[in-house]
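Asks:
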Amino acid sequence: MNSLLEIIDCVQEEGREYLLDYFKDAPIGILNSCKKIDIPAKQIFITEKDKIEYIHILVKGSVKATDYRIFGVTYDFFWFKAVEVFGAMEAFIDEDVYMTTLMTDTPCAFILIKRSKYIRWMKHDPHALFLQSSIMTKYLLEQAKRERVFLLMQAKDRIYILFTNIYKSKNVNGICDILLSRQELSDAAGLSTKTIDRILKSLKEEELITIKNGRIRISNEQYERMEDFIRGKADL
3 MNSLLEIIDC
13 VQEEGREYLL
23 DYFKDAPIGI
33 LNSCKKIDIP
43 AKQIFITEKD
53 KIEYIHILVK
63 GSVKATDYRI
73 FGVTYDFFWF
83 KAVEVFGAME
93 AFIDEDVYMT
103 TLMTDTPCAF
113 ILIKRSKYIR
123 WMKHDPHALF
133 LQSSIMTKYL
143 LEQAKRERVF
153 LLMQAKDRIY
163 ILFTNIYKSK
173 NVNGICDILL
183 SRQELSDAAG
193 LSTKTIDRIL
203 KSLKEEELIT
213 IKNGRIRISN
223 EQYERMEDFI
233 RGKADL
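Just so we're aligned: 17 in the numbering used here is position 15 of the sequence shown, and the numbers increase by one with no gaps anywhere.
This is the structure in structure tokens:
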């Protein structure tokens with residue numbers, strides 16, 4: 003129990019308050035069995051179709067989700083910041099394998115809970131169950147909206163969605179440097195590298211991005227312009 007509290011105490015204020023609320027009615031068995039792991043950046047720690055042994059609670063860093071469900075093409079357009087729970091959705095629908103491949107985008111820290119213990123906890127803790135259900139519902143609504151719009155959009159519009167998602171999870175003081183290579187952008191948006199080069203040139207000419215020394219940078223003002231465009235598309 004003390005080790006879990008020590009872990010939570012190191013989390014940033016908003017996440018710390020959420021975790022204290024999340025675990026406030028958890029049984030002693032859960033508190034004593036939690037363990038912390040650190041994973042370096044750019045490491046796949048969950049692979050689609052792998053058997054679920056642990057629920058991973060992200061308490062530090064950011065994670066990228068790779069989704070293979072759309073026409074067999076790889077799309078990387080969801081990034082998660084702490085606090086986020088991975089494996090809970092599968093547990094709630096009685097699925098014993100992961101549905102999505104997850105990679106650390108930055109160095110990350112996780113709280114691990116055995117899947118079987120986590121399920122027993124959720125069945126007997128209405129408060130934690132409500133919090134987790136609320137998070138999952140919001141995520142599913144956002145994902146459904148974004149994927150629907152994503153599939154209907156042209157190539158350039160897909161890059162708008164990709165860049166705004168990256169900005170929301172990775173900006174620092176209103177500035178976001180996108181460190182993905184052309185090939186990674188191609189994989190993320192399901193587009194050819196030639197198409198990526200053409201779109202980046204167009205975005206630079208429209209002053210929606212800044213490119214310096216091969217690095218793509220997005221300011222808050224540029225992000226807002228792209229986000230406004232996406233909202234307009236989503237409302238159609």
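All residues carry an ideal CB built from backbone N, CA and C; glycine is no exception.
State yes or no: is the C-beta of Val-87 within less than 7 Å of the C-beta of Ile-41?
Replies: The residue labelled residue 87 in the question sits at position 85 within the sequence shown. The residue labelled residue 41 in the question sits at position 39 within the sequence shown. No, these two residues do not count as a Cβ contact at 7 Å.
Asks: Using only the alpha-carbon positions, how far apart do Pro-109 and Asn-173 sit?
Replies: Taking the first residue of the sequence shown as position 1, residue 109 is located at position 107. Taking the first residue of the sequence shown as position 1, residue 173 is located at position 171. Taking the straight line from one Cα to the other gives about 16 Å.
Asks: In chain order, which continuous runs of the beta strand (DSSP E) of length 3 or greater are located wholly inside the region 42-74?
Replies: Within the region 42-74, the complete beta strand (DSSP E) runs of at least 3 residues are 46-48, 56-62 and 64-72.
Asks: With respect to the beta strand (DSSP E) encompassing Leu-210, which residues constitute its N-terminal and C-terminal limits?
Replies: Locating residue 210 in the sequence shown gives position 208, counting from the first residue. Premise fails: Leu-210 is in no beta strand (DSSP E) and is neither H nor E.
Asks: How is the alpha helix (DSSP H) around Glu-92 delimited, first residue to last?
Replies: For the purposes of this step, residue 92 is taken as the residue at position 90 of the sequence shown. Run containing Glu-92: 90-94, per the alpha helix (DSSP H) assignment.
Asks: Who are the near neighbours of Thr-197 in its chain, counting only those whose CB is closer than 6 Å to its CB and skipping five residues on each side?
Replies: Working through the sequence shown from its first residue, we reach residue 197 at position 195. These residues qualify, in order along the chain: Ala-157.
Asks: Taking only three categories from DSSP, how would you classify Phe-262?
Replies: Residue 262 falls outside the range modelled here, since the chain spans only 3 to 238, and no answer is possible.
Asks: Suppose you measure from the CA of Asn-34 to the CA of Gly-63; what does that come to, to the nearest Å?
Replies: Sequence index remark: in the sequence shown, residue 34 carries index 32 (1-based). Sequence index remark: in the sequence shown, residue 63 carries index 61 (1-based). Going by the C-alpha atoms only, they are around 24 Å apart.
Asks: Would you kindly report the start and end of the unbroken beta strand (DSSP E) that includes Met-124?
Replies: Counting from 1 along the sequence shown, the entry for residue 124 is found at position 122. Element bounds for Met-124: not the beta strand (DSSP E) but the alpha helix (DSSP H), 117-126.
Asks: Run the CB neighbour count on Leu-143, radius 10 Å, all protein chains shown included, and call it buried at 16 or more, exposed below.
Replies: Stepping through the sequence shown from its first residue, residue 143 is reached at position 141. Leu-143 should be labelled exposed.
Asks: In chain order, what residues of the same chain have a beta carbon less than 7 Å from the beta carbon of Glu-229, not counting five sequence neighbours either side?
Replies: Counted from its first residue, the sequence shown places residue 229 at position 227. Closer than 7 Å at the Cβ level, and outside the excluded window around Glu-229, lie Thr-166.
Asks: Please list the terminal residues of the continuous beta strand (DSSP E) segment that includes Leu-104.
Replies: For the purposes of this step, residue 104 is taken as the residue at position 102 of the sequence shown. Its beta strand (DSSP E) spans residues 103-106.
Asks: For Glu-31, is the classification buried or exposed, using 16 other Cβ atoms within 10 angstroms of its Cβ as the cut-off for buried?
Replies: To locate residue 31, count along the sequence shown from 1; it is residue 29. The sequence as given places Gly at residue 31; Glu does not occur at that position. So Gly-31 counts as exposed.
Asks: Quick check: what's the CA-CA separation for Glu-186 versus Glu-50?
Replies: Residue mapping note: residue 186 aligns to position 184 of the sequence shown, counting from 1. Residue mapping note: residue 50 aligns to position 48 of the sequence shown, counting from 1. Cα to Cα, Glu-186 sits roughly 19 Å from Glu-50.
Asks: Please go through the region 136-190 and give each complete alpha helix (DSSP H) segment of 4 or more residues, from N-terminal end onward.
Replies: Runs of the alpha helix (DSSP H) inside the region 136-190: 157-172.
Asks: Starting from the C-beta of Ile-9, find all residues in its chain whose C-beta is less than 7 Å away, skip the five residues before and the five after it, and write them out in chain order.
Replies: Taking the sequence shown and counting its residues from 1, the one referred to as residue 9 is at position 7. Excluding residues within five positions, the ones whose Cβ falls inside 7 Å are Lys-38, Val-61 and Ile-113.
Asks: Between the region 118-138 and the region 23-30, are three or more C-beta pairs nearer than 8 Å?
Replies: Yes, the region 118-138 touches the region 23-30.
Asks: Going straight from the alpha carbon of Tyr-20 to that of Glu-92, what length do you get?
Replies: Translated into the one-based positions of the sequence shown, residue 20 becomes position 18. Translated into the one-based positions of the sequence shown, residue 92 becomes position 90. Answer to the nearest angstrom: the Cα atoms are 22 Å apart.
Asks: Rounded to whole angstroms, what is the Cα-Cα separation between Gln-134 and Val-85?
Replies: For the purposes of this step, residue 134 is identified with residue 132 of the sequence shown, where counting begins at 1. For the purposes of this step, residue 85 is identified with residue 83 of the sequence shown, where counting begins at 1. So the alpha carbons of these two residues sit roughly 11 Å apart.
Asks: Leu-202 to Cys-178, Cα distance in whole Å?
Replies: Locating residue 202 in the sequence shown gives position 200, where the first residue counts as 1. Locating residue 178 in the sequence shown gives position 176, where the first residue counts as 1. Between Leu-202 and Cys-178, the C-alpha separation is close to 16 Å.
Asks: When the distance is taken between beta carbons, is Leu-210 closer than 7 Å to Ala-191?
Replies: As a working mapping, residue 191 is identified with position 189 in the sequence shown. As a working mapping, residue 210 is identified with position 208 in the sequence shown. For Ala-191 and Leu-210, no; Cβs fall outside 7 Å.
Asks: Per DSSP, Ala-84 forms a beta bridge with which residues?
Replies: As a first step, residue 84 is located in the sequence shown; it is residue number 82 there, counting from the start. According to DSSP, which records beta bridges pairwise, Ala-84 is partnered with nothing at all.
Asks: Buried or exposed for Arg-244, please, with buried defined as at least 16 other CB atoms from any protein chain shown within 10 angstroms of its CB.
Replies: For residue 244 there is no data in the structure shown, the boundaries of the chain being 3 and 238.
Asks: Rounded to the nearest angstrom, how far is the Cβ of Met-105 from that of Lys-66, given a contact under 8 Å?
Replies: Here the question's residue 105 lines up with position 103 in the sequence shown. Here the question's residue 66 lines up with position 64 in the sequence shown. Right, their Cβ atoms sit about 5 Å apart.
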